[in-house]
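K.L.:
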Amino acid sequence: MNWTPPAPTAVPAPPIPPIRDIHSCANVNDIKPLHLHLDWSIDWDAKCIRGAVTHELEVQKDGTAHATFDTSYLDIREVQVDGARAAYQLEARRGPLGEPLRIHLGERMAGDRVKVAIDYATTPKCTALGWLSASQTRAKKTPFLYSQCQAIHGRSLVPCMDTPSRKVTYTARVNSSIPVLMSALRRSSASDVYEFDQPVAIPTYLIAIVGGLLEFRALGPRTGVWAEPPDADAVQWEFERDAEPFLTAAEQVVSPYVWTRYDSVVLPPSFPYGGMENANLTTLTPSLVCGDRSATDVLLHELCHSWSGNLISCMNWESFWLNEGWTVYLERLLLEKLYGPAHRGFSYIIGAKALRDSLEGFQDTPRFQRLVPEFRDGEDPDDAFSSIPYDKGANFLLYLERVVGGLDVFAPYIQAYFTTFQGRSISTEEWKAHLLAYFATHPTASQALQTVDWDAWLHGEGLELPVRMEYDQTLAAEAFALAARWIKAIGDGVDGAFAASDMQGWNANQVVVFLERLHAGPRVPLSYAARLDETYSLSTAQNPEVRLRFYEVALEEQGGRYADEAAAWVASQGRMKYCRTIFKALYRVEPALAQRTFLENESFYHPIAAAMIRKDMRRHRDVVAVIGSTGTGKSQLAVDLARHAAQHLGMHAEAISADSMQTYVGLDVITNKADASEMEGIPHHLLSFLSPGQEYDITQFVADAGGLCAQLQQQGALPIVVGGTTYYVQHLLFPGRLVSQVPSTDYEGDVHARIASLPPDLRALWDALGDDPKAPPPPGDLWPLLAHLDLACAQRWHHRDHRKVYRSLRILRDTGVPQSAWLSAQDEEDRQHGRREPSRRLVLWVWSEREALHARLNARIQTMIERGLLDEIRDLRRIAGDAPTDYTRGIFQAIGYKEFDAYLTHGGDDRFAAAITDMQTATRRYAKRQTSWIRNQLLPEIRKAQERGEDVWLYLLDATDPAFWKERVSDPAHRILEAFIAHDPMPDPRAQSAAAAEQLAVPEQTGSRLERNRLVACDTCTSDEAQPFLYRENERDKHMQSRTHRMALKRRSRAAYIAEGRARARS
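Residue numbers (our numbering): 1116 to 2182.
#1: Do L1573 and R1485 have their C-beta atoms within less than 9 Å of each other?
#2: Which class does N1290 belong to by DSSP, given the choice of helix, strand or coil?
#3: Look up V1283 in the DSSP assignment and give the residues it is bridged to.
#4: Which residues bound the alpha helix (DSSP H) around P1133?
#5: Tell me the rounded alpha-carbon separation between A1686 and Q1710.
#6: Please report the Cβ distance between K1554 and A1560, rounded to the nearest whole angstrom; I am assuming they are in contact, meaning their Cβ atoms lie under 8 Å.
#7: Output the distance between the C-alpha atoms of G2011 and I1785, rounded to the nearest integer angstrom.
#8: Whole angstroms are fine: how far does the CA of V1487 sit from the CA of G1575?
#9: Name the one or two DSSP bridge partners that L1247 has.
#10: Rank M1979, V1413, W1881 by C-alpha distance to the C-alpha of D1056 and give the top, closest one.
#11: Taking Cβ positions, are Y2070 and L1959 nearer each other than 9 Å?
#12: Measure how close the beta-carbons of K1692 and G1389 come, nearest whole angstrom, since I'm counting them as under 8 Å.
#13: Quickly, what does DSSP pair C1429 with across the bridge? List them, please.
#14: Can you tell me whether L1776 is helix, strand or coil according to DSSP?
#15: Run through DSSP, which three-state label would I1324 get?
#16: Taking 9 Å as the threshold (C-beta atoms), are A2110 and W1962 in contact?
#17: Can you round the beta-carbon distance between T1747 and A2074 to whole angstroms, since I take them to be within the 8 Å contact cut?
#18: Answer with buried or exposed for P1558, where buried requires no fewer than 16 other C-beta atoms within 10 angstroms of its C-beta.
#19: Name the residue from L1578, Y1377, P1401, P1456 whose alpha carbon lies nearest to the alpha carbon of D1472.
#20: If we ignore side chains and look at the alpha-carbon of each, how far apart do Y1862 and T1930 end up?
#21: Would you report the Cα separation of L1782 and D1234, rounded to the nearest angstrom?
#22: L1426 and Q1537 - do their beta-carbons sit closer together than 9 Å?
#23: What is the rounded straight-line gap between the Cα of Q1351 and the Cα of P1383?
#24: For the ligand SAH, I want to know if D1227 counts as a neighbour, meaning its beta carbon is within less than 8 Å of at least one of the ligand's heavy atoms.
#25: E1206 lies in the alpha helix (DSSP H); which residues open and close that run?
#26: By how many angstroms is the C-alpha of A1974 removed from the C-alpha of I1980?
#27: What three-state label does DSSP hand R1951 in the structure shown?
#28: Out of D1523, A1571, I1797, state which residue places its alpha-carbon closest to the alpha-carbon of P1581.
#29: Reducing DSSP to helix, strand and coil, say where G2023 ends up.
#30: Is it buried or exposed, S1139, if we count other Cβ atoms within 10 angstroms and call 16 or more buried?
#31: Is T1169 helix, strand or coil when you go by DSSP?
#32: If I follow the unbroken beta strand (DSSP E) through I1785, where does it start and stop?
#33: Should the region 1251-1258 be regarded as contacting the region 1212-1223, the criterion being three or more beta carbon pairs within less than 8 Å?
#34: Assign I1131 to buried or exposed, taking buried as 16 or more other Cβ atoms, counted over all protein chains shown, within 10 Å of its Cβ.
#35: Tell me T1398's beta-bridge partners as DSSP assigns them.
#36: How close, in whole Å, do the beta carbons of G1839 and T1745 come, if the pair is a contact with beta carbons under 8 Å?
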């Protein structure tokens, strides 16, 4: 049909909506920034920038009384409003969003202009600046400085309204002993003072500074490049053929270039991106200088940002695809204009692999697979950084081009889009509304647009695009064919006929496509990776894109020489496309090598890259546990930590209960569950899922809780394990070998011989155990049976501890493996340090001094009665029926059930009072046992893990006085958690308080688990040899110093003195 496209300005933009940007703390709907002036001095020795920023603001709403700026790790010294000192507050840090700076303006009216000057300095924690020593540069004569402010790092360089929704012009005056450049036009430079002007409004993430020994080379009338002197010639050659033609072609397709000049600077290798589109000063990675001009499309990409991203910006980071998707689309359209359709298709093919990798990388965080991702409050937009906004966005625009009728129909819309929205920051909704309005006059295109599955494209998840996209494969055909030959040879297990001539005449991008296709196929064995290298010399390729893809293939399997080679190579690659990919691949096959390589070279990487590498290697490995005696406030702290993680660390956190009694449905009072209001909306797991008649053991808990931890970690969330069943927590955090992992065949002969030798009465007990693991224990004394079959284990238990004795017999009966063999296997595994790398673990022990805790626990009983304790016990009694109750199993172990039995059976005030006393006593004893387990079992386990070099920390938080909860528990826990998550140096656990110094001092343990837990009779304390007084071997010193032993010793001494006196009298 004949259709006359609307003029570029004919279809107006939709009305500007209120700004929505969850990644900025600034009050951008109340205040509009217009211009800022920077007056900086660079202290090269201290590695900081000092000075001031002056903001020119326009009030948007009547009654506005303050301006809030984004800051992060800045040293704020003074604030002035319209020339007078003003009051301000630097609020608490909100994780990656930083510390909001709230400045009092006095009440203002809409339209008022205000000047706000802030005197400040950057700090060593600045995430925007990369400082390099002279030795880290190519010239090796002066230090080097560069900035990278996207996405939200500009606030660590300058206090600002750090959101893409607001744009400002800026000027700068910089004092520096070393030459500097900025993302602006340089107006003058004299006597170490450099002045700049950016007359086109830009979002603050485009403010940039570079300082160092640099040399300029012209590439054309409006284009040029800066580079370190030793590289200047090579850099000029790499880009001079394409820079000016790129700019001319872009103007023809889009609109005139408004930025005066397009200059670039090639940075040292630690620069984290391929390029950054800072206005008038694109920063480029030196990895583009390959000597074959194969990577100049990155220069083209950054040039296209002069329109998409810089001229038209996304309103927020959810619409980031409008920046990158449009840029990639334009870049590939210009490749077609300059070199032909095959080059456009080839670029989409190359991008398809990166897109697939990114989608797979977010399978456990599918909201980041969306073109318009869903961010949670406080979440760092860098966490979602991937190829998705680039390639999924470009594919969406290519699809729309085809939907409306092809490039001839779509091309006028491109010019209209960039003309209509020039100078604005827009949302996806605004873009869509304008697109539909533009094609409303084209009936065929308009009708076709109604068939687009907008929700699938914008909000869809999964590994596939909503529509299968076809590309011109002319340039990829040979690469695909060669990859198919290699895949077949690998599948058939044959050598195949391969030679270097297979790639004769290929360019580097064809080699890249070949390796990507190979990597996407079946796993490549090490022998074939070596054959690839021998045939095509891939591990020594000068082109880093080829080297990267080869290492991805070579690191598919553990072992071989390529892990060490990749580690050596990545130590000099700061571009995140390379270093993150290699570290992730290396971490999968050689985690220790990956960690060591990163730690040795951490200072080389830009703070953004270093933070992302840490997350890549540790992202899914953090777990926090909150432990302690009953009544100390564990649940309260767990909820507090989860809220703090979300609000200040940008991490979603969920609680996993480690309380063996709280697994039961209902029974909230007797098990002391937190109610909904106390949970404060924090998800809690492993609560209220068992019926009272069911049982739950440590094996089931470790499986369930471990699965939940893994699931949360894969989603980038923080699991917080909380509960008083400390041996559950210990086995989760320090997993020993499961019984099922100890081969039963190793013990069959010995076990069968012992069973055969059982005397008749014990054989009858053995047979009575049966094969049902959930069956109740048979009547009778089971300890002699265990002693006969597994003496080492029997010596761990008191002969009256029927539940534990039965559990040990049950393990033997069900698995054929003695429990002592299981424990010995754990000891051997500890000695061999053969466990897989565990999670990073932070354990917070909520502790209380005994007398204060006892008073709290005694008072709690009355509260429980008022909340309905007796009604719950009556319900349990109805469930139990008339059969005798085993108080050692299931929910019937809960403190209170046994103690109130007599009162609920016979009544009477005396029995009621006795029940309360018994419950108080039982609760206090339980609290004591919990503390004993932590000191005698968990602390030594943590010490051993630390000696193995594992990343595990234990801190005691003194909750003795609830009035000081914030100062002694909550605030210290926040600081500890922040350091733990950020991988910052951890504070000394024993220096936190006097209680910590005392309680965390645990004597060294020797001997095996069985030896340490063996029960020993104390002759001094035993008054009846038929019932000896027993203590555990690992508690010998504690027992000898106990009041019980001292009193027994005193009685023995006194009895001996009296007996001696009587003997004398008789004589």
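The beta-carbon is built from N, C-alpha and C at its ideal position, and this holds for glycine as well. Computed from a predicted model, the values in this text were never measured in an experiment.
P.N.:
To lay it out plainly:
#1: Within the sequence shown, residue 1573 is the residue found at index 458, counting from 1. Within the sequence shown, residue 1485 is the residue found at index 370, counting from 1. Closer than 9 Å, so yes.
#2: Within the sequence shown, residue 1290 is the residue found at index 175, counting from 1. N1290: strand per DSSP, three-state reduction.
#3: Within the sequence shown, residue 1283 is the residue found at index 168, counting from 1. DSSP lists I1317 as partners of V1283.
#4: As a working note, residue 1133 is residue 18 in the sequence shown. Unbroken run through P1133: none, as it is neither H nor E.
#5: Counted from its first residue, the sequence shown places residue 1686 at position 571. Counted from its first residue, the sequence shown places residue 1710 at position 595. Each residue's alpha carbon lies about 12 Å from the other.
#6: Stepping through the sequence shown from its first residue, residue 1554 is reached at position 439. Stepping through the sequence shown from its first residue, residue 1560 is reached at position 445. Per the sequence shown, the amino acid found at residue 1554 is Phe instead of Lys. With a Cβ gap of about 4 Å, F1554 and A1560 count as contacting.
#7: Position 896 of the sequence shown, counted from the start, is the residue given in the question as residue 2011. Position 670 of the sequence shown, counted from the start, is the residue given in the question as residue 1785. Approximately 7 Å between the Cα atoms of the pair.
#8: Within the sequence shown, the letter at position 460 stands for residue 1575. Within the sequence shown, the letter at position 372 stands for residue 1487. Going by the C-alpha atoms only, they are around 9 Å apart.
#9: By one-based count along the sequence shown, residue 1247 stands at place 132. In the DSSP output, where bridge partners are listed per residue, L1247 has F1259.
#10: Because the chain is modelled from 1116 through 2182, residue 1056 falls outside the range shown and cannot be assessed.
#11: Looking up residue 2070 in the sequence shown gives position 955. Looking up residue 1959 in the sequence shown gives position 844. Closer than 9 Å, so yes.
#12: Translated into positions along the sequence shown, residue 1692 becomes position 577. Translated into positions along the sequence shown, residue 1389 becomes position 274. Going by Cβ atoms, the distance from K1692 to G1389 rounds to 6 Å, so yes, they are a contact pair.
#13: On the sequence shown, residue 1429 is found 314 positions in, with the first residue counted as 1. Paired residue(s): I1541.
#14: Here residue 1776 refers to the residue found at position 661 when the sequence shown is read from its first residue. First, the amino acid is wrong: residue 1776 is Met here, not Leu. If DSSP states are grouped into helix, strand and coil, M1776 belongs with coil.
#15: If you number the sequence shown from 1, residue 1324 lands on position 209. DSSP places I1324 in strand when its eight states are reduced to three.
#16: In the sequence shown, the residue the question calls residue 1962 occupies position 847. In the sequence shown, the residue the question calls residue 2110 occupies position 995. Yes; because the gap between Cβ atoms is below 9 Å, this pair is in contact.
#17: As a first step, residue 1747 must be located in the sequence shown, where it is residue number 632. As a first step, residue 2074 must be located in the sequence shown, where it is residue number 959. The pair is a contact, with the Cβ atoms about 5 Å apart (cut-off 8 Å).
#18: As a first step, residue 1558 is located in the sequence shown; it is residue number 443 there, counting from the start. Exposed, since its Cβ has fewer than 16 Cβ neighbours within 10 Å.
#19: Here the question's residue 1472 lines up with position 357 in the sequence shown. Ranking the options by Cα distance to D1472, first place goes to L1578.
#20: Taking the sequence shown and counting its residues from 1, one reaches residue 1862 at position 747. Taking the sequence shown and counting its residues from 1, one reaches residue 1930 at position 815. Since pLDDT at Y1862 reaches only 48, below the 50 mark, its modelled position is unreliable, and the value read off the structure follows with that caveat. Rounded to the nearest angstrom, the two C-alpha atoms are 10 Å apart.
#21: Against the sequence shown, residue 1782 aligns to sequence position 667. Against the sequence shown, residue 1234 aligns to sequence position 119. Cα to Cα, L1782 sits roughly 59 Å from D1234.
#22: Against the sequence shown, residue 1537 aligns to sequence position 422. Against the sequence shown, residue 1426 aligns to sequence position 311. Yes, these two residues count as a Cβ contact at 9 Å.
#23: Indexing the sequence shown from 1 puts residue 1351 at position 236. Indexing the sequence shown from 1 puts residue 1383 at position 268. Cα to Cα, Q1351 sits roughly 16 Å from P1383.
#24: Looking at this structure, you won't find the ligand SAH or any other ligand, since it has none at all.
#25: Locating residue 1206 in the sequence shown gives position 91, counting from the first residue. E1206 -> no alpha helix (DSSP H), and no H or E assigned at all.
#26: Residue 1980 sits at position 865 when you count from the first residue of the sequence shown. Residue 1974 sits at position 859 when you count from the first residue of the sequence shown. If you take the alpha carbons of I1980 and A1974, they lie about 11 Å apart.
#27: Residue numbering aside, residue 1951 sits at position 836 when the sequence shown is read from its first letter. With a pLDDT of only 45 at R1951, under 50, the local geometry of the prediction cannot be trusted, and no value is derived from it.
#28: Position 466 of the sequence shown, counted from the first residue, corresponds to residue 1581. Comparing Cα positions, the closest option is A1571.
#29: Here residue 2023 is taken as the residue at index 908 of the sequence shown, counted from 1. The answer is coil: DSSP assigns G2023 none of H, G, I, E or B.
#30: Taking the first residue of the sequence shown as 1, we reach residue 1139 at position 24. Its Cβ being crowded by 16 or more others within 10 Å, S1139 is buried.
#31: Here residue 1169 refers to the residue found at position 54 of the sequence shown. Three-state result, T1169: strand.
#32: On the sequence shown, residue 1785 is found 670 positions in, with the first residue counted as 1. Looking at the DSSP string, I1785 is not in any beta strand (DSSP E), and its letter there is neither H nor E.
#33: no
#34: If you number the sequence shown from 1, residue 1131 lands on position 16. With fewer than 16 other Cβ atoms within 10 Å, it is exposed.
#35: To locate residue 1398, count along the sequence shown from 1; it is residue 283. Beta-bridge pairing links T1398 to V1380, M1391.
#36: What you label residue 1839 is simply residue 724 of the sequence shown in a count that begins at 1. What you label residue 1745 is simply residue 630 of the sequence shown in a count that begins at 1. Contact flag correct, Cβ pair sits at about 5 Å.
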